[in-house]
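Input: a single structure, listed below in structure tokens.
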Amino acid sequence: MKSNKTKSAMTSLVVAAMLCSAAMPIRAAEAQWVNNNGTWSYVKEDGSIAKGWIKDNDCWYAFDDNGAMRTGWIASNEHWYFMGESGVMQADAWVEDNGARYYIKGTGVMAKDYVKDGYELTEDGKAIPLAESKSVVLTDPEAIEGEVIEGNLYVDVTTAKALELKGVTVKGKLVVIGDNQTAGKLTITDSKIESISTQTRNTEVVLSGETEVKTIVLEETAAVTPDKNFKGEVEKIEVQSTTKGEIVIEVPAQEVSTRTYASVDIQASVESLEVKTDTQIKVNADVKNVVVTESAKDTKVEVSKGSTVGTITADAPVKIEGSGTINKVEANVDGVEAGKDTVIKDVETGKDVEQAPEVNKPSTGGSSGGTSTSSYTVKYAVDSSIPFDVPAAITVTSGSTITEPAKPEDTVAGYSYKWVTSDGKPFDFSSKIRNSMTLTLILTNNDFAGGNGSESFPYLVADVNQFYALENLNVINDSSKTYHFKQLNNFTLDRSITTHYNLSYDGGGHKIIACTGDRILALFVGYDSKGKTKSTGAIEIFNVELVSNKTVGLSIISDPWYIDEINLHDIKCSIDGDILNINKTNYAFLIAGAIYDDRETPATPQKITINNCDIVGSVVTNQTNAGGFVGAYYPYDNDKDIVGVNYQKSPLLKISNSSFNGDITANAFAGLIYGNPTYYQYFKKGNYDESEINKLIVVDHVVFNGKVTANYANLFAFSDSEAQKPIWNVTYKDAITGNYNFINRTNQIANDAVKVYLPNGEGFTYTTNNTNNYTYQLVFSVNEIVISTGEGTEEGKLVSNGRKIFLDVSEAEDTGSLTEITEVKAIDSSKLSSLGLTEPISYDKYCENWPVAIALKDKIVYIVFENNGTFESVNSAVVTSLYAYNGNALVGTKNIK
């Protein structure tokens, strides 16, 4: 959430002194602050350098492993803290970072899933107006019954000290908030709650009846208890309290995890207990499995008489006390100790462990409960789409194996039935059972490592070949549903793919790396020109890192002409090398090519959202149009007789909470948001409403550190001449922060006298009064091409996309017998006979792989597109230009007509 976005820096400890006390004395005889070239450290009384957290003059500070004082956002014990520019931990305060507001609680913890001052603090801590969310704040002490809450439900016990929810469904989280002083009680009866989060002390949450709760998060020393009518169990309880005290677990749970300063008292049966920080654990019920992780040093586990722990796995030193029974201790490190009254039936030590507790079976004082060996429960479930009876649950002795239950006999080609664990991975029935679990029978595609494409069990993508399998996925169910995927490893691509269904792709935090070569690879291509197929529906890609090298660009999307909605979020882009040099137009990191709505009959405008994406690296092309985020953007204009743009049908583009750190360079037209002048060219056709423009492209909290270099370099969008400055550069400039600048190259041939002549035995020739030793190219820009839909429509689609045909041109030596170009038209081959033109002998791929021929008649130059089914028709005026180059660099352009 905060990665690469912290901009705070330590400037002076004077501010800290003002915040925490009247002064900060330097105590040379005890402890002191030391400034080493602008980096502050803290020397403790014993002369050692402070690391981690310290408290000085009633202020908290944090230091890294080298002893350097930290500022900005830091993560500690699964919480976020904000250290001001002076290093002081903020508390009970609003802070602003990269344009977003966050609230810091009195404990110093960043608030999330919280409400404060009319704002909701979302799961990532960002403040949004409560009125704009689906969440509800409940302060009325009257009971609510039978309601469905689409967002979060906040219960404020400061005003509603006693409240009951009955038959209520909360699709978000049920969050209990208060002032940490008022005692409250919330009773939940026969309700369905995805997650409960208690964020205030002295509050009791009572579960009753048929209430279903998946997760409980205890952020304070609150209590969650069952009454005598409660019939269920909780899947997971997370203890994250940042205050000392005692937390009592009274609800049966499959899994409990602790990362807290408080002590934890287990008073209900628990399948698995994971201890993540040093905690005082009291076991007053049967617990199948206790795992003390490496980060939980100095943990104490006290097992009371009459209680049994199946296995304690110690990956850190732990002290075991009490007179209860432990069937097995797995000591994987030295320093695991046990009291003389604790019954230990078996001890297993890891490699290189020299000291461990001994088997201890005292004749008195031991526990009469428990068995000699731990046992676990294996439950079965069946995907709702499979007509198959659910096998009965079984009890399994620890370390034994189980027999695979029967599966349906009928399967679809390319698919198979598999039993999978909760993470969607196939279960190995030869493996030994070490914990309780639920196995689910799903129908999975054999091309993937697991899963069935649902949100609960996404298809697992383990390697590049399985990634390519997304392209050929056999959609056997409802084609309108969304298929989910999750990446398991880093891998390298050597080609792009095209998909044809709704998909959600979770990169799992892994990398997708570009191969060697000289091209642009796009993970998901919007239009497959080779196969003439279209991608439709919605695409979501998130939690992935793209790595390009200095010759290969790697984008998420290319040419999304037919996609209804694109949601790109939590994506990192970087370059393996010094610079990225692409010999392509319209290149950008996230969306290469063009955003243009070319769908058949869309009900709503095309929507593209880019959020929380960070790019580190430079975009460099020796062609035109380089953008940081998007290659090109084309407003909707399917009727050449209409002046202006059809705003209601234009694509909607929103970029928010994202950053670009690097340079953007092109021969012409480059900028941060996108790199194409067409946006402005559309609007200059006639009068337009500036407010309508601002609705089409929204920029919110974007950071840019770098420079833009090109002929016509701008921050946001681009004009096609220096005299036509687009107004939206000013409109959006406040939404983009950072250290950036622009280098506009001068058009070196803007004022030259230039002429181009028709072929006379040779090819096209030119004359110029420029004395520089430039080389030139003749460029024909065609704007009006009607693309074939392939579905029998009458009108097709008009694409004003500035396709350019580049031709070599030589300098004319004698112009006496030459004829200057007066008119250029673009047509398709079906119009040749009506114009009295002969069929061209051959077509060359002058125009972005589109076959084009050149024909001459009556001093008119015809650009002839081969009518090969790719388009309905071409009938366009052509802009003729001469491009001047100094080596490989474009130094100027000149329109001939």
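According to mature numbering (1 follows the signal peptide of the UniProt record, and there is no 0), the stretch in the sequence shown is residues -28 to -1, 1 to 869, in order.
Positions of the beta carbon are idealized from the N, C-alpha and C atoms, including for glycine.
- By the neighbour-count criterion, in which a residue is buried when 16 or more other Cβ atoms sit within 10 angstroms of its Cβ, P359 is exposed.
- Around the beta carbon of D569, 16 or more other beta carbons sit within 10 angstroms, so the residue counts as buried.
- Contact check for Q226 and E246: beta-carbon distance about 12 Å, past the 8 Å limit, so the pair fails to qualify.
- Going by C-alpha positions, I535 is about 36 Å away from V87.
- Counting the other CB atoms within 10 Å of its CB gives N444 a total below 16, which places it among the exposed residues.
- Scanning its chain for C-beta atoms nearer than 6 Å, with the 5 sequence neighbours on each side dropped, one finds around N152 the residues T172, R173, in chain order.
- Under the three-state reduction of DSSP, D237 is assigned to strand.
- Note on geometry: alpha-carbon atoms of A155 and V147 lie some 15 Å from one another.
- Per DSSP, the continuous beta strand (DSSP E) segment holding N629 begins and ends at 624 to 633.
- Per DSSP, reduced to three states, the secondary structure at E104 is helical.
- No Cβ-Cβ contact shorter than 8 Å links A441 with L460.
- When the Cα atoms are used, Q252 and D400 turn out to be separated by approximately 36 Å.
- Here DSSP, grouped into helix, strand and coil, assigns D466 to coil.
- Residue environment for L828: exposed (fewer than 16 other C-beta atoms within 10 angstroms of its C-beta).
- Assignment of Y704 by DSSP, reduced to helix, strand and coil, places it in the helix class.
- In the three-state scheme derived from DSSP, where H, G and I count as helix and E and B as strand, K522 is classed as coil.
- Boundaries of the alpha helix (DSSP H) harbouring V436: 436 to 440, taken from the DSSP string.
- For the segment 51 to 85, the continuous beta strand (DSSP E) assignments of 3+ residues that do not extend past its boundaries occur at 51 to 55, 65 to 69, 72 to 76, in sequence order.
- For G217, the closest C-alpha among the options W66, A234, G139, P577 is that of A234.
- DSSP places E222 in no beta strand (DSSP E); its state is neither H nor E.
- Around the beta-carbon of G808, fewer than 16 other beta-carbon atoms lie within 10 Å, marking it exposed.
- C-alpha of I374 to C-alpha of I366: approximately 9 Å in a straight line.
- For P607, there is no enclosing beta strand (DSSP E), as DSSP marks it with neither H nor E.
- M409: member of the beta strand (DSSP E) spanning 409 to 417, first to last residue.
- Contact between Y126 and I149 is confirmed by a C-beta separation of about 6 Å, below the 8 Å threshold.
- Here E443 carries a helix assignment [DSSP, helix/strand/coil].
- DSSP lists K458 as the bridge partner or partners of L432.
- When the alpha-carbon of V824 is set against those of S806, C487, V846, the nearest one is in V846.
- Contiguous alpha helix (DSSP H) elements confined to the segment 256 to 322 do not occur, taking only those with 4 or more residues.
- Looking at the DSSP output, N38 shares a beta bridge with no other residue.
- Spatial neighbours of T175 in its own chain (CB-CB distance under 6 Å, excluding positions within 5 residues in sequence) are listed in chain order as V129, V148, G156, A194.
- Taking all protein chains shown into account, A378 has fewer than 16 neighbouring C-beta atoms within 10 Å of its C-beta and is therefore exposed.
- The C-alpha of S622 lies about 59 Å from the C-alpha of K260.
- Counting only runs that start and end inside the segment 701 to 754, the beta strand (DSSP E) elements of at least 3 residues fall at 712 to 716, 726 to 729, 737 to 740, 747 to 754.
- The DSSP-derived three-state label of K216 is coil.
- Pairwise C-beta distances place the segment 725 to 733 in contact with the segment 774 to 794, as three or more of them are shorter than 8 Å.
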